[in-house]
Every structure is written in C-alpha cells, then in structure tokens.
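Numbering-wise (our numbering), the sequence shown opens with residue 203 and increments by one.
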Amino acid sequence: MRRQLAGAVALIPLALMLALTGCGGGDGGEGSESGGSEDPEEAMLEFAQCMRDNGVGMSDPGAGEGMFLAPSDAGDDEMNAAMEACQDLMPGGGPPEVTDEMLDAAVEHAECMRENGIDGFPDPDPNGGGSRLDEEISDDPDWDAAEAACDSYQLGGSAQEEGGE
C-alpha cells in the first residue's frame, strides 16, 4: 500500500505543511485566516475535496493522519493550478516557508533512498516543489526497505536525535 501512495507524487513540503499545520494548536485568537474550517480535521477534508475537484487525486485523511496524494495523471501545471485554487482551504492558512532545515532533511532523505537501492530517487526542488516520483521508482522491490532505512531523515524523524547531522 505504501508504494501505491508513494507512486503518485511525493511533495515533501506539502506533506510537512499538512502534518505541521494539521496538528498545531490555536493561538487563542478568534476566527481563521484561511477560508476553510477552523477544525483541523474538517479543514483537511475540505482541502482534499478541493484538490480532487481540481484534478489531483488526494485521499481524505483519517483521524489523526496526514493526507496522501493518490495516483494521478496530474502534471506539474495541473498540480500548481489545483494548489493555487485550494490555497484558501489549506489547513493553517497555507504552507509554511520552506526552511533550510526542511530542505536539508529532504536532500538527506533523497540521498539515503539512493544509497539504499532506489537509484532514481530525485532530489527535492530547492524552491519548495518537493520531489516527483513516478511509479517505476516507487514500485522498486527495494522501496520498503529503503523507506524504513531512511525514515529518520524526514523532519520529525530521529536522525538528529540519534546523532545524525
């Protein structure tokens, strides 16, 4: 199942944005900066539906889970158009700025995936576009082992906690 989800598009900043903003607490203020729901789970559902309405396959998140892009024929232009159309529904009001730490973690993750047998795993777009994976890469028989070996390099993982730099 992992390979099916990863076989679509791996947008690291999108995943980070959804994970970080979907779990964040409020600041005690009133209202929401975004046009979507103030309830994080409802906001994620609205965003996923908007993305589907704009041609990008995205599954509804389960309780306490992030979102996954489903296999889709959406190209870069279609993905960017959908993101722009749905921006006001993004949980937390939109994506955070991609920091050097986020980019470094994504580059380390890509390098680790290649070192663990996924030769075609691309580096992330330094402008925050993430990494696009095709099904050939994600269907690699070494995918699950490489993903397990490299999980600690993703933000929120334990690479830094275990002494990795």
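For glycine and all other residues, C-beta sits at the position ideal for the given N, C-alpha and C.
Quiz item: When the Cα atoms are used, what is the spatial distance from Gln251 to Phe323?
Solution: On the sequence shown, residue 251 is found 49 positions in, with the first residue counted as 1. On the sequence shown, residue 323 is found 121 positions in, with the first residue counted as 1. Within the model, the alpha-carbon separation for Gln251 versus Phe323 is close to 29 angstroms.
Practice problem: Identify whether Met281 lies in helix, strand or coil by the three-state DSSP scheme. | Solution: Indexing the sequence shown from 1 puts residue 281 at position 79. Reduced to three states, the DSSP call for Met281 is helix.
Quiz prompt | Three-state secondary structure (DSSP) of Glu243 | solution = Against the sequence shown, residue 243 aligns to sequence position 41. Helix.
Practice problem: Indicate whether the contact test is met: 3 or more Cβ pairs, each with one atom in the region 314-322 and one in the region 337-355, closer than 8 angstroms. | Solution: Touching, yes, given that three or more Cβ pairs across the two stretches are closer than 8 angstroms.
Self-check item: alpha helix (DSSP H) segment containing Leu291, residue limits
Solution: Your numbering for residue 291 matches position 89 in the sequence shown. It is not in any alpha helix (DSSP H) - Leu291 carries neither H nor E in the DSSP assignment.
Quiz prompt | Nearest candidate by alpha-carbon position, reference Glu310, set Asp255, Ala287 and Gln356 | solution = As a working mapping, residue 310 is identified with position 108 in the sequence shown. Comparing Cα-Cα distances from Glu310 to each of Asp255, Ala287 and Gln356, the minimum goes to Gln356.
Practice problem: Starting from Ser340, follow the alpha helix (DSSP H) in both directions and report where the run begins and ends. | Solution: The count along the sequence shown starts at 1 and reaches residue 340 at position 138. Element bounds for Ser340: Glu337 to Ser340.
Self-check item: DSSP three-state assignment for Ser354, whether helix, strand or coil
Solution: Numbered from its first residue, the sequence shown carries residue 354 at position 152. Helix, per DSSP.
Quiz item: Leaving out the 5 sequence neighbours to the left and right, which residues in its chain are closer than 6 angstroms to Gly277 when beta-carbon positions are compared?
Solution: As a position in the sequence shown, residue 277 is number 75, starting the count at 1. Cβ neighbours of Gly277 beyond the five flanking positions: none.
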